[in-house]
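There are 2 protein chains.
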Amino acid sequence: MTTAYAQIRQAIVEGRYQPGQRLIEQRIAEEFALSRTPVREALRRLEAEGLVHSEPNRGAVVRDMTIEDLSDLYGLRAQLEAYAAELAAARIEPHQVEELDAAIADFDRALADDESDPLDVTRLIADANRRIHGTVLAAARHDRLGQLLDRTVDVPLSFQAFRQFDRAETERSHLFHQLIRDAIVAGDASRASALMREHVLQGRDVLVAHLEG
Amino acid sequence: MTTAYAQIRQAIVEGRYQPGQRLIEQRIAEEFALSRTPVREALRRLEAEGLVHSEPNRGAVVRDMTIEDLSDLYGLRAQLEAYAAELAAARIEPHQVEELDAAIADFDRALADDESDPLDVTRLIADANRRIHGTVLAAARHDRLGQLLDRTVDVPLSFQAFRQFDRAETERSHLFHQLIRDAIVAGDASRASALMREHVLQGRDVLVAHLEG
DNA sequence: GCATCCCAGATTGCACACAATCCGCTAGCC
DNA sequence: GGCTAGCGGATTGTGTGCAATCTGGGATGC
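Note that the protein sequences, when read in sequence, are chains A and B.
Quick note: the first sequence uses our numbering, first residue 1, plus one each step.
Quick note: the second sequence uses our numbering, first residue 1, plus one each step.
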């Protein structure tokens, strides 16, 4: 099951299964050399996560979203991540501060790297970014919030082709990461929250502009 | 599947399956005169919703929560409902204002009713309350937010025995409902948001006090 | 006495078969 | 010509058997 879930999920997030496409159990089962049973369970799980939409007796399709839907989703994510930052400001532990600093340093290093393959640099940046947000979330120590955020963050990925980060945008993100880090470490919950909200909403604007253009 | 899901869920929320209790597929299947297959799917769905926790090859148990977990959950709910109120202030439509007013009027009527069986009154109040919050959520026009909220709101129910509402508390809720309604209708998003957050956090305090006492 | 190994029972994970349902299409009727 | 009823293929929903895995307890060795 776990394997079916992970594989189908990856296929959706990477865009191999496109929005709107029907996900026929038998076909997927054959594709992954499994029976329908684990495929069904994976589809139910993906439905609960919102990546897939399904109706009784009619099966599942990869969920399609309008730009408005995506924009709303980012708005929700902004709320959730802002709350995570707020909690983190009160709950973060020293070793998590170290993790956060390390991830921010990696982001900085990747940003300054003008020798490696740009594709690798993009990957490094994306990874450091994930670690930064992940550490804030872990510091919030709120399992359920983490769960909801994981799901909310991944959905839009299926609508973004893998794309290079614009330099100015990336530097702005870096700045925000540092400000957010400082607010959290200083225990200033309301500023941490506001900065994180703004940071995510900036991301929304960039995505929307990209999709409209 | 749908029937298995609904039945198991109800059993958990009503407390017939207690927190910590193992949910053995075969046993539940027999109890509802089904095979294990729909039961399995229902358990997976409940797991995704957070009502149930399960580990590979070890099965599912009704999720247990500490007071801290519940308190955190209410904090999350406060964020989400506040966001719903914020969006509703910008998006509500005339017929939804009518629905909201009708639900608030029902709440008022139930509150003034000192003749009916107190248990019926409590049920009426709980129902009006659900409609008020449901209408705000509908007015927010944000499917995903609605989904997340449904799940976040129901979980604590399994930890509350059905209880009478304290009169002062109920009147305070009624007041907040009216203030929230006015802010939404006036299009004042930030006040609607702040009021809703406070309203939910009051609910948290009451629940926590109740569980500790 | 204590730790370790191993076995038996219980339970979940998966495959497969059959039943129920849905959708598109054709034939028949008005 | 257009509309409705009904048929057949495709797909999902459910039941069941077997394999894989975990748990607890007892026997064995130190």
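Glycine is no exception: its CB is placed at the ideal position from the N, C-alpha and C atoms.
Pair within 8 Å by beta-carbon distance, residue i and residue j
i	j	result
V52/A	Q21/A	no
A140/A	A84/A	yes
E25/B	R36/B	yes
F159/B	I125/B	no
V200/B	S71/B	no
A105/A	I184/A	no
L211/B	R144/A	no
P19/A	D69/A	no
R44/A	R44/B	yes
R172/A	Y74/A	no
V13/A	L157/A	yes
L87/B	H133/B	no
Paired residues, beta bridge with residue i - DSSP
i	result
S54/B	A60/B
L23/A	A60/A
Distance, residue j Cα to residue i Cα
i	j	result
Q202/B	D127/A	40 Å
R27/B	L148/B	30 Å
S190/A	H177/A	15 Å
H174/B	A112/B	12 Å
V155/B	P118/A	46 Å
G50/A	E47/B	15 Å
D108/B	E115/B	14 Å
A194/A	Q79/A	10 Å
R130/B	G146/A	26 Å
V121/A	A110/A	6 Å
E55/B	R91/B	42 Å
E30/A	A29/B	29 Å
G15/B	R40/A	29 Å
T66/A	G213/A	14 Å
A192/A	A192/B	22 Å
D182/A	E198/B	28 Å
Endpoints, alpha helix (DSSP H) assigned at residue i
i	result
P94/B	94-112
L157/B	Per DSSP, L157/B belongs to no alpha helix (DSSP H) and is neither H nor E.
M196/A	189-212
T66/A	That residue, T66/A, is in no alpha helix (DSSP H); it is neither H nor E in DSSP.
E41/B	36-49
R123/B	118-140
F282/A	A question about residue 282/A goes unanswered here, because the residues of chain A that appear run from 1 up to 213.
R9/B	2-13
Cβ-based neighbour list, residue i, same chain, cut-off 7 Å, excluding 5 preceding and 5 following
i	result
M196/B	E81, A82, A85, I180
V206/B	E169
V153/B	R77
D188/B	A89
R58/B	none
R151/A	E49, G50
L34/A	A4
Cβ shell of residue i (< 8 Å), same chain only, five flanking positions each side left out
i	result
T135/A	Q96, E99, L100, A103
E93/B	A139
Y17/A	I8, A11, L23, V62
Same chain, Cβ closer than 6 Å to residue i, five either side skipped, listed in chain order
i	result
D42/B	Contrary to the premise, residue 42/B reads as Ala rather than Asp in this sequence. Excluding sequence neighbours, A42/B sits near A4, Y5, I8.
A186/A	none
Heavy atom of the ligand ZN within 7 Å of residue i beta-carbon
i	result
G187/A	The ligand ZN is absent from the structure shown, which contains no ligand whatsoever.
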